[in-house]
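Heads up: the structure comes next, in structure tokens.
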Amino acid sequence: LGLGDRGLLARGAWADIVVFDPETISDRATVKEPYLAPTGIKLVLVNGRVAVDDGEVTGERAGRVLRR
């Protein structure tokens, strides 16, 4: 993606992480309902802050637009 400071699990790096169960993950989006959230997503960290916890959106808005 050309984002040199992303994609690394290391101290001081941006913590953008998705934890999921490969046995239960499923895309529920359809043509008529393209915004349906997938199932099986356990945890999402955006910039080290919890955005999804046990499949539920927390309301935390830690993301930002990244431009190249």
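Each residue of the sequence shown is one higher than the last, beginning at -16 in the numbering used here.
Even for Gly, the Cβ is constructed at its ideal location relative to N, Cα and C.
Less than 8 Å between C-beta atoms, sequence neighbours within five positions excluded: which residues of the same chain meet that for residue i?
i   : result
T7  : T22, G23
L19 : R11, A12, T13
For residue i, which residues from the same chain have a beta carbon less than 7 Å from its beta carbon, with the 5 sequence-adjacent residues on both sides left out?
i   : result
F3  : G23, I24, K25
T41 : V33, A34, V35
A45 : V29, N30, R32, A34
Give the straight-line distance between the Cα atoms of residue i and residue j, rounded to the nearest whole angstrom.
i     : j      : result
W108  : D37    : There is simply no residue 108 to check, as the chain begins at -16 and stops at 51 in what is shown.
D(-1) : L(-14) : 13 Å
V27   : V1     : 4 Å
S9    : R47    : 26 Å
Assuming residue i is part of the beta strand (DSSP E), what are its boundary residues?
i   : result
L26 : 24 to 29
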